[in-house]
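**Student:**
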Amino acid sequence: MIPVSRLLFRGSTKACPVCGDRRLFKKWFTMIERCPTCNLQFERIEGHWSGSLGLNTIVSFGTLLLVLVIGLIVTFPEFPIGLLIAVNVGTAVVVPLLFFPISRTLWTAIDIAMRPLEEDEVDWESFE
Ligand SMILES: [Zn+2]
Numbered sequence: 197m198i199p200v201s202r203l204l205f206r207g208s209t210k211a212c213p214v215c216g217d218r219r220l221f222k223k224w225f226t227m228i229e230r231c232p233t234c235n236l237q238f239e240r241i242e243g244h245w246s247g248s249l250g251l252n253t254i255v256s257f258g259t260l261l262l263v264l265v266i267g268l269i270v271t272f273p274e275f276p277i278g279l280l281i282a283v284n285v286g287t288a289v290v291v292p293l294l295f296f297p298i299s300r301t302l303w304t305a306i307d308i309a310m311r312p313l314e315e316d317e318v319d320w321e322s323f324e
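Every number in the numbering used here is 196 more than the matching position in the sequence shown, counting from 1.
(1) On a Cα-Cα basis, can you pick out the residue from L302, R206, E239 and L204 that is closest to E317?
(2) Rounded to whole angstroms, what is the Cα-Cα separation between L220 and I254?
(3) Taking the straight line between their C-alpha atoms, what separation do you get for K210 and A288?
(4) So S208 and L280 are supposed to be a Cβ contact under 8 Å. How far apart are they, rounded?
(5) With a threshold of 16 other CB atoms inside 10 Å of the CB of R218, please say whether the residue is buried or exposed.
(6) Answer yes or no: do L326 and N284 have a C-beta to C-beta separation smaller than 8 Å?
(7) How about T301: is its Cβ closer than 7 Å to a heavy atom in ligand 1?
(8) With a cut-off of 8 Å on the beta carbons, I'd call M227 and R300 a contact; round off their distance for me.
(9) Under a three-way DSSP split, which group does F221 fall into?
(10) Hey, would you say the C-beta of L204 is under 7 Å away from at least one heavy atom of ligand 1?
(11) Since S256 is in the alpha helix (DSSP H), which residue starts that stretch and which ends it?
(12) Under the criterion of a Cβ to heavy atom distance below 7 Å, does D217 qualify as lining ligand 1?
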């Protein structure tokens, strides 16, 4: 049983939540199917990635709200609308792209915390 804090830390650092291996992405948006060390299949059930999509949406909109509020506070009382729109559109485009791989590993960690691993999902001898 892996502590939830360790699962979440590994997931939030783009590592395999189970063993910590970091070779999970061939490219920024291309994740391999199974962990090369512990053999965990990341897409644990059909529709698994809808959770990472939801997580990415929450983080992106949360960041967007934060940038909007900070922008309004910093520029009060004269709001440079064009600049605020540019910064917010940039945030709305860049954050989901940057957060994409972390949303996948972090969601897998959250999923494992909520729905613990079956004994045969991982090659435990390969890394412990
Ligand atoms: Zn692993």
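No residue lacks a Cβ here, since even glycine has one placed at the ideal position from N, Cα and C.
**Tutor:** Let's see:
(1) The shortest C-alpha separation from E317 is found at E239.
(2) If I take the Cα positions, the gap works out to 23 Å.
(3) Cα-Cα distance, rounded: 21 Å.
(4) That pair is no contact at about 29 Å.
(5) Exposed, since its Cβ has fewer than 16 Cβ neighbours within 10 Å.
(6) Lying before the first or after the last residue shown, residue 326 is absent from the chain, which here runs from 197 to 324.
(7) T301 Cβ: outside cutoff for every heavy atom of ligand 1.
(8) That pair is a contact at about 6 Å.
(9) Note: F221 maps to strand in three-state DSSP.
(10) Of the heavy atoms belonging to ligand 1, none sits nearer than 7 Å to the Cβ of L204.
(11) Membership of S256 in the alpha helix (DSSP H) is indicated by the continuous run W245 to T271.
(12) The answer is yes for D217.
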